[in-house]
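Below is one structure, written out as structure tokens, with a few remarks after it.
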Amino acid sequence: MTKTPRQPFPFSAIVGQEDMKTAMILTAIDPGIGGVLVFGDRGTGKSTAVRALAALLPPIEAVEGCPVNAPRRDLSPDWAQGVGDRMVTKPTPVVDLPLGVTEDRVVGALDIERALTRGEKAFEPGLLARANRGYLYIDEVNLLEDHIVDLLLDVAQSGENVVEREGLSIRHAARFVLVGSGNPEEGELRPQLLDRFGLSVEVTSPRDIATRVEVIKRRDAYENAYDRFMKTWAPMDAGLRNQILAARAALPKLKTPAAVLHDCAALCLALGSDGLRGELTLLRAARALAAFEGETSVKRAHLKRVAPMALSHRLRRDPLDEAGSGARVERSLAEVLP
Amino acid sequence: MGWGGVSQGNASNSGPPPPSSIHRGEARRGADPAAQTSEAELTAWKRVELALMALAVDPGGLKGLWLRARAGPVRDRATAALAALPLPQRRLHPGIGDEALFGGLDLTATLAAGRPVRSEGLLAQPAALVLTMAERCPAGLAARLGQALDGPGPCLIALDEGAETEEALPPALADRLALFLTLDGIAEADAPPLALDQKALAVARDRLPRLRVPATVGERLTGVALALGIPGLRAPLLALRLARVLAALRGHAGVRREDVLTAAELAFAHRARTFPEVVPEAPAPPPPDSGTEEEQSDSLDLPEELILEAVKAALPADLLDRLTTARAARALKGGTGAGEARAGHKRGRPLPSRPGKPDANHRLDLIATLRAAAPWQAVRQRALSAPGLTAQPAPPSPPGGEGRGEGEAAARRLHIRPSDLRIRRHQERSERVLIFVVDASGSAALARLAEAKGAVELLLARAYARRDHVALIAFRGPGAELILPPTRSLVQTKRRLSGLPGGGGTPLAAALRLAGETALRARSRGLTPVLALLTDGRANIALDGAAGRERAEADAAAMARGWRATGAASVVIDTASRPEAGLRRLAQTLGGVYLPLPRADAARLSTALEAALGPVQAG
Chain Z
122 MTKTPRQPFP FSAIVGQEDM KTAMILTAID PGIGGVLVFG DRGTGKSTAV RALAALLPPI
182 EAVEGCPVNA PRRDLSPDWA QGVGDRMVTK PTPVVDLPLG VTEDRVVGAL DIERALTRGE
242 KAFEPGLLAR ANRGYLYIDE VNLLEDHIVD LLLDVAQSGE NVVEREGLSI RHAARFVLVG
302 SGNPEEGELR PQLLDRFGLS VEVTSPRDIA TRVEVIKRRD AYENAYDRFM KTWAPMDAGL
362 RNQILAARAA LPKLKTPAAV LHDCAALCLA LGSDGLRGEL TLLRAARALA AFEGETSVKR
422 AHLKRVAPMA LSHRLRRDPL DEAGSGARVE RSLAEVLP
Chain G
-3 MGWGGVSQGN ASNSGPPPPS SIHRGEARRG ADPAAQTSEA ELTAWKRVEL ALMALAVDPG
57 GLKGLWLRAR AGPVRDRATA ALAALPLPQR RLHPGIGDEA LFGGLDLTAT LAAGRPVRSE
117 GLLAQPAALV LTMAERCPAG LAARLGQALD GPGPCLIALD EGAETEEALP PALADRLALF
177 LTLDGIAEAD APPLALDQKA LAVARDRLPR LRVPATVGER LTGVALALGI PGLRAPLLAL
237 RLARVLAALR GHAGVRREDV LTAAELAFAH RARTFPEVVP EAPAPPPPDS GTEEEQSDSL
297 DLPEELILEA VKAALPADLL DRLTTARAAR ALKGGTGAGE ARAGHKRGRP LPSRPGKPDA
357 NHRLDLIATL RAAAPWQAVR QRALSAPGLT AQPAPPSPPG GEGRGEGEAA ARRLHIRPSD
417 LRIRRHQERS ERVLIFVVDA SGSAALARLA EAKGAVELLL ARAYARRDHV ALIAFRGPGA
477 ELILPPTRSL VQTKRRLSGL PGGGGTPLAA ALRLAGETAL RARSRGLTPV LALLTDGRAN
537 IALDGAAGRE RAEADAAAMA RGWRATGAAS VVIDTASRPE AGLRRLAQTL GGVYLPLPRA
597 DAARLSTALE AALGPVQAG
């Protein structure tokens, strides 16, 4: 049963689910967008997409042995040990946050191993340190313990993890893209956490036979004719990676016309979304999309395409509105930005 | 449960099945006589054997087996056959922790050895994980095992002993396992010990990669899954895999129709969400695809209807019941939200430990204490070994210098001072569950019912805002029904509420009894129950279902006293057009608040309820 380690299922080979894929690509272009929430049925490829994304992301340059993947030697925290002077290239970290994880494992704690054996008081970095400059993935995010959620909210907001416990006083950078997935039937997500995700998409199982069959076919090919399958799709993934890199480079030079800014504000006003975070995310996502498509300036069309994923989860929620907030965004879009 | 009828009928496995069990078999035969191979006549135990063999051939691909049966000799025989799996078996229990799963620092061994000793987790090596009492598996463990199953290697055998339909393997796991078996209705005598032929398994394993799979198989299986209302795409994938394995087991060169039929039966029957009344049209011809051409040559002629018939024959007889309870179970499992993992003692979330002395009210946090003491061990040992410094008292260890052997033992001992002691702290936070008991009887005619629904919806919106749990009970005709067990999912509540039919008598007593039971269960999970009764009339159906106002009211009053005895809060909302004196009395008996709201609009109702229940929230 043991096989040679395989690449995860290629990102570009995922059938359909365009919203989810777009959202993930946008965060890869501009991590400042702040994460993706994927809500939907079981077995719709949520986890597959996240694992595929990990393989797709361009590698990062980091200080060798640095626990927080610092980009420069002087940014490496002073408590860190075994940090080299060389720079190494490593894959963008995608860290899994398992459910039922302890606070210690998330934020880090006293390194009990070193304390026991050498009598030293040392800090053992947690998952937040490892996820710095990368992705933090929470499967079944709506089942996460409340106190872990609180922790994440705080860190995701400040971009810094502060540990004050057991006589330790440690702080380190913890900037990561939060990716959550879950099944809405199993419970709701607290609005505060919802708001921390830049984009949110809903995925459903494809209802038409042809798409479903295509999914089955590709998955079957991946499992049973791995080499041939990867030969087809690996170049596609590589192409997508180059496109992401190109978009990253193009992003700072992208022009944002005043009219688009105005559209942003008008749309958010019409929807009554709380705070300015929605507008900022909307703009960033639209810029990332424009860059991805090789445009030189943001257009209204970009805005319209990212508006549902950037705004639908920020609306003051009407829990009994069956149509869902996605429909409300669409409605407002049609009214405000004809 | 599903195949009970069949198994009892022709368990003897010889000759045609006796008349009593024929009708299901006939349905299959009627559809297509050609499908009547020996496989179509699988007895329940043969089915078990076949499933186990399939699992033994490809445990990593099929991901595992959900075995729903009470412990007993029959189950023992089934699990004994798992020895044929090419993987070592590891047993898990629902309370297993991360250390055991993923490995970690072995504290005891580390302390003894004086150097870090790591323990290896159960998931480190590919293994056949046997999860006992799988119905009690918490959501967190299910998610972790699910992630492990997504990778290559492990397979899971979930031994589900759920007694009631709402106790079952978490759906996150059930979805990932290809096979489902139930041993209900299999007598011990009909279940001879299984000896899986290792040689045959090895041959099948060897043949597996070279099997030819007609392109249509995937399409057919996908179509059937859709017709059965199976939402995700794991089911058809697993069925496809299973069809391959079965073909390999049966020595076919490619997947044949009987392989597909059996695979669909084994993998789909328990997942079905709708009973396929209408057989779907044959699907459109598959889109042209490079690579399928050569496979088309041995394409098999297998209409979707045929597979559907096969699965239908294997569908559990109580599918409709299961449909509702399975969803209810889901609500029960996940709906309680984050805190459910500690269901037994849901008395608030743990806070970081604080220094302090353990006593009756404060429990020692051993790990935190060890952590606090750990950094000082070297220092304290040095202090001990230096004779001049023994002035500082070290309670557990004798003063140094009493001979070299003892001194060394003392040095190896853990030195814990009172200042190291840490105590556990929890933040008390009892959550509330609003139990809505909605009158759907004939007297609450349709318009009123609609109004009641509106009121409940408004209250739900408030409940959402305060993160309350919600349960829904409706009563009409002969009895009351728990439409939705406590959940936080508003989407579900809303859906369930809108599907609520009306008409019939007013079995108030039965409704109150059910509410009481629900409250009791909620209490055991640390929730505070609150009753909201919406009705417009007096009871006229007694507990035993007999009509008659007097006995019905007596029963209702008795049940109301029972509720009052629990000390839980309640509100009676009178939705009749004129205030009903009986309901006021009922509210008094319940020890609750009475709100006459003739022509109530939902907003007023909400305000009134808010006012009435306000103190509960604070408490």
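So the sequence lines, in the order shown, correspond to chains Z and G. Residue 362 in the working numbering sits at position 241 of the first sequence, with consecutive numbering throughout. Residue 43 in the working numbering sits at position 47 of the second sequence, with consecutive numbering throughout. Cβ atoms here follow ideal geometry from the backbone N, Cα and C, with glycine treated the same way.
- To the nearest angstrom, how far is it from the Cα of G/Pro276 to the Cα of G/Ala239? Unreliable placement is indicated for G/Pro276, whose pLDDT of 43 sits below 50; the coordinate value is still reported in the next sentence. Their backbone Cα atoms lie some 22 angstroms apart in a straight line.
- Can you tell me the Cα-Cα spacing of G/Lys353 and Z/Arg362, whole angstroms? Here the C-alpha atom of G/Lys353 lies approximately 57 angstroms from the C-alpha atom of Z/Arg362.
- Can you check whether the CB of Z/Lys338 is closer than 7 angstroms to the CB of G/Gly214? yes
- Bridge partners of G/Cys151, per DSSP? G/Ala124
- Query: Under 7 angstroms between C-beta atoms, does G/Glu701 make it to chain Z?
  - Reply: A query on residue 701 of chain G cannot be resolved here, the shown segment of chain G reaching from -3 to 615 and no further.
- Message: Below 7 angstroms on C-beta distance, what does G/Gly214 contact in chain Z?
- Response: Val334, Ile337, Lys338 and Asp341
- Would DSSP call Z/Asn345 helix, strand or coil? helix
- Verify the CB distance criterion: does G/Pro371 have a CB-CB separation below 7 angstroms to chain Z? Yes, G/Pro371 counts as interfacial toward chain Z.
- Z/Ser433 by DSSP, collapsed to three states: which one? coil
- Query: Are Z/Ile135 and Z/Ala170 touching if we call contact CB-CB under 7 angstroms?
  - Reply: yes
- Rounded to whole angstroms, how far is the Cβ of G/Leu486 from the Cβ of G/Ala467, which I believe are closer than 8 angstroms? Contact flag wrong, Cβ pair sits at about 13 angstroms.
- Message: At the level of alpha carbons, what is the spacing between G/Pro232 and G/Leu217?
- Response: Between G/Pro232 and G/Leu217, the C-alpha separation is close to 6 angstroms.
- Task: Please report the residue range of the beta strand (DSSP E) in which G/Trp62 lies.
- Result: Start and end: Gly60 to Arg64.
- Nearest CA to the CA of G/Val113: which residue from G/Leu125, G/Gly99 and G/Ile363? G/Gly99
- For G/Val307, is the beta carbon positioned less than 6 angstroms from some heavy atom of the ligand SAH? For the ligand SAH, the structure offers nothing, since it holds no ligand at all.
- Name the residues in the region 159 to 176 of chain Z whose C-beta lies less than 7 angstroms from a C-beta of chain G; which are they? Asp162, Arg163, Gly164, Thr165 and Ser168
- Item | From Z/Met351, Z/Ser394 and Z/Pro459, residue whose alpha carbon lies closest to that of Z/Arg426 | Z/Pro459
- Minimum C-alpha distance to G/Gly544 - residue among G/Gly578, G/Gly501, G/Ser115 and G/Thr524: G/Gly501
- Three-state secondary structure (DSSP) of G/Leu516: Note: G/Leu516 maps to helix in three-state DSSP.
- Cβ-based burial, G/Arg574 [other Cβ within 10 Å; buried from 16]: exposed
- Task: Identify which residue in Z/Arg405, Z/His434 and Z/Val450 has its Cα closest to the Cα of Z/Leu148.
- Result: According to the sequence shown, residue 148 of chain Z is Thr rather than Leu. The shortest C-alpha separation from Z/Thr148 is found at Z/Arg405.
- CB contact check: G/Asp255 to chain Z, cutoff 7 angstroms: Chain Z contact via Cβ: absent.
- Task: Using a Cβ-Cβ cut-off of 7 angstroms, state whether Z/Ile135 counts as contacting chain G.
- Result: no
- Could you have a look at Z/Ser197 and say whether DSSP puts it in helix, strand or coil? Z/Ser197 sits in coil when the DSSP states are folded into three classes, being neither helix nor strand.
- Message: Give me the chain G residues within the contact set of Z/Glu261, using Cβ-Cβ distance strictly less than 9 angstroms, ordered along the chain.
- Response: Ala135, Gly136, Ala138, Ala139, Gly142, Ala168 and Gly330
- Task: Look at the alpha carbon of G/Leu152 and the alpha carbon of Z/Arg328, and state the distance between them as a whole number of angstroms.
- Result: Annotation: G/Leu152 to Z/Arg328 spans about 29 angstroms, alpha carbon to alpha carbon.
- At which residues does the beta strand (DSSP E) containing Z/Asp316 begin and terminate? Run containing Z/Asp316: none in the beta strand (DSSP E); it sits in the alpha helix (DSSP H), Pro312 to Arg317.
- Using a C-beta to C-beta distance shorter than 7 angstroms, which residues of chain Z count as neighbours of G/Pro531? The sequence shown places Thr at residue 531 of chain G, not Pro. Neighbours of G/Thr531 on chain Z: none; closest Cβ ~22 angstroms, over 7 angstroms.
- Message: Tell me which residues share the same chain as G/Glu45 and place their Cβ nearer than 7 angstroms to its Cβ, disregarding the 5 neighbours each side in the sequence.
- Response: Result list for G/Glu45: Leu190, in chain order.
- G/Ala105 classed as buried or exposed, judged by whether at least 16 other C-beta atoms fall within 10 angstroms: Exposed, because fewer than 16 other Cβ atoms sit within 10 Å of the Cβ of G/Ala105.
- Can you name the residues of chain Z whose CB is closer than 9 angstroms to the CB of G/Gly219? Ile330, Arg333 and Val334
- Can you pull the chain G residues whose beta carbon is under 7 angstroms from the beta carbon of Z/Lys242, in chain order? Pro371
- Count the other CB atoms, across all protein chains shown, that sit within 10 Å of the CB of Z/Glu252; report buried if there are 16 or more and exposed otherwise. According to the sequence displayed, residue 252 of chain Z carries Ala and not Glu. The residue is buried, with at least 16 neighbouring Cβ atoms inside 10 Å.
- Strand pairing of Z/Asp260, partner residues [DSSP]: Z/Ser302
- Message: On the criterion of 16 or more Cβ atoms from any shown chain inside 10 Å, does Z/Val298 qualify as buried, or is it exposed?
- Response: buried
- Message: Buried or exposed for G/Arg252, going by 16 or more other Cβ atoms inside 10 Å?
- Response: buried
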